[in-house]
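Only one structure is covered here, and it is reproduced in the block below.
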Amino acid sequence: MKSAISSEPDDMKTYLILTVGTGTAGKHSNLAAGLRRTVELIGPEKFWLVPSMDEVSRLTAELVHEGMSAFEPWGEEASFRCIGAPDSLEDCRRAVREVIVVARATMPKGGRLLVNPTSGTKQMSVGAALAALDEGIGELVFTVGERADGVVKTGTETLETFAADGWFAERDLRTGRALAESGSLLAAAAVFSRHEGLAGYAATSRCLHEWERQNYVEARRIAAGCDELASCRDGLEQLYKASKAAVPNGVIIADLLHTAGVFHARREYEASLILSCRAVEMGLRHALFERTGLHEPYSVVAICALGIPQGIKDRCRGGSKDGQKAMLDLTTVAQILQRLGDLLGDAYLEESELSELRRVRNELMHRLGSAKVGESEAALWRTKRLLKQLGLPAPMVRPNPF
Numbered sequence: 001m002k003s004a005i006s007s008e009p010d011d012m013k014t015y016l017i018l019t020v021g022t023g024t025a026g027k028h029s030n031l032a033a034g035l036r037r038t039v040e041l042i043g044p045e046k047f048w049l050v051p052s053m054d055e056v057s058r059l060t061a062e063l064v065h066e067g068m069s070a071f072e073p074w075g076e077e078a079s080f081r082c083i084g085a086p087d088s089l090e091d092c093r094r095a096v097r098e099v100i101v102v103a104r105a106t107m108p109k110g111g112r113l114l115v116n117p118t119s120g121t122k123q124m125s126v127g128a129a130l131a132a133l134d135e136g137i138g139e140l141v142f143t144v145g146e147r148a149d150g151v152v153k154t155g156t157e158t159l160e161t162f163a164a165d166g167w168f169a170e171r172d173l174r175t176g177r178a179l180a181e182s183g184s185l186l187a188a189a190a191v192f193s194r195h196e197g198l199a200g201y202a203a204t205s206r207c208l209h210e211w212e213r214q215n216y217v218e219a220r221r222i223a224a225g226c227d228e229l230a231s232c233r234d235g236l237e238q239l240y241k242a243s244k245a246a247v248p249n250g251v252i253i254a255d256l257l258h259t260a261g262v263f264h265a266r267r268e269y270e271a272s273l274i275l276s277c278r279a280v281e282m283g284l285r286h287a288l289f290e291r292t293g294l295h296e297p298y299s300v301v302a303i304c305a306l307g308i309p310q311g312i313k314d315r316c317r318g319g320s321k322d323g324q325k326a327m328l329d330l331t332t333v334a335q336i337l338q339r340l341g342d343l344l345g346d347a348y349l350e351e352s353e354l355s356e357l358r359r360v361r362n363e364l365m366h367r368l369g370s371a372k373v374g375e376s377e378a379a380l381w382r383t384k385r386l387l388k389q390l391g392l393p394a395p396m397v398r399p400n401p402f
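Under this note's numbering, the residue at position 84 of the sequence shown is numbered 84, and the numbers go up by one with no gaps.
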């Protein structure tokens, strides 16, 4: 028999789990007949009954499945997974969850599982509904109809379906937001991706994840395909172009500092410290470019043409592997800036605390360890103070719909 409530393709098989109580006395009502009618309306491929241990409940369950080949017994020694304590919400929930697990193991891929929690104590009904939602069952089916003496009249039964998709989406929206706010952006995207209506949140989470990794190519690609990220496209385009340019760019430095602040606020102190130190390095090299036009790879000839002490020139020439390209560490960059009258060089060389924090950063790269909150905070604050004189642009505005 084809399901009376199904709008699914004819080849999709439906499976059903029903709770079975003891019934409420009524002149026009018969619980077993009503539940049999429920099974007939749905027409499942297989169905399971979940009565309580009460003798009347079990007898009613026997009457329900009598002569129905679709009935699936619980096991060889028991027809039902009975609820031992029908007044215990947790016991009811646990029993129905067990049946759901077994039913799913029996079903083919793509089968449709319904739970009907109409019959039984209130705890049985609520427990069954909670079990279905816990296990991701998308549909709850309730038996309704004309009522007499407070119960449904036998022969008038119809079905009322609760589609849980909206409920699942609301739940996952809350969960995804909490994950995103804690910095677990990929996990948030995975949760949002379960629902078509949350696709914008999923894309935003993935975009922010790549943005924080300075993977501007991928962040830009994601934003291009998401209407919710339209306001970010210009900023990401600037970051993308700056990342592809051969010369240092203040847009990137400002973005690094912003991300370092985000990481520090999320207590990701190692990541924050590393980005602060990276911003210092890029800031000094940016200042050198602005002052001299030099950028990596540094030319030995161009460096030696600068008005700087011979000792610095000899060091750059001596450290070159091919005599043409020089490797400039930060101290050397700062010394060149200092000799050229750039205040940033003076400030860096006088900032002994920054050198100590860079030492901590280097140790973190080569051994197990963790950064302290004070180290992360000091690196961020001192870096911002040091690079303030560069006149960096404001960081690009990031989406925050969470």
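Where a beta carbon is used, it is the ideal one built from N, C-alpha and C, also for glycine.
In this structure, the alpha-carbon of T106 lies about 51 Å from that of R367.
Taking 7 Å as the cut-off, the Cβ atoms of R104 and A95 do not count as close. In this structure L159 is buried. Its beta-carbon is surrounded by 16 or more other beta-carbon atoms within 10 angstroms. In the DSSP assignment, the residues bridged to E139 are A163. When the beta-carbon positions are compared, R361 and L236 stay at least 7 Å from each other.
Distance between E290 and A203, taken at the CA atoms: about 37 Å.
Here P73 is exposed, its C-beta having fewer than 16 other C-beta atoms within 10 Å. Between T38 and T143, the gap from beta carbon to beta carbon is short of 7 Å. Exposure of W381 is indicated by the presence of fewer than 16 other C-beta atoms within 10 angstroms of its C-beta. Cβ-Cβ separation between I17 and I83: approximately 12 Å, too far for a contact (criterion under 8 Å).
In the structure shown, the three-state DSSP call for F80 is coil.
The closest CA to that of E350, considering only D172, L386, E270, G155, is found on L386. Considering only L357, E363, M365, the residue with the shortest C-alpha distance to S376 is L357. Here L239 is actually not in contact with L208; their C-beta atoms are around 13 Å apart, not less than 8 Å. Per DSSP, I17 is one residue of the beta strand (DSSP E) stretching across 14-20. R398 carries a coil assignment under DSSP once its states are collapsed to helix, strand and coil. In chain order, K153 place their CB closer than 7 Å to the CB of R147, counting only its own chain and leaving out the 5 sequence neighbours on each side.
For the segment 185-260, the full-length alpha helix (DSSP H) segments reaching 4 residues or more read 185-192, 199-212, 216-224, 233-244 along the chain. In its chain, beyond the 5 residues on either side, Y15, A70, E72 have a beta carbon closer than 6 Å to the beta carbon of K46. Beyond the five residues adjoining it in sequence on each side, E353 comes within less than 8 Å, by CB distance, of A378, R382 in the same chain, given in chain order.
For F289, the enclosing alpha helix (DSSP H) has its first and last residue at 269-292. Between L198 and A188, the gap from beta carbon to beta carbon reaches 7 Å or more. Contact between the segment 315-327 and the segment 273-289 is absent: fewer than 3 CB-CB pairs across the two stretches fall below 8 Å.
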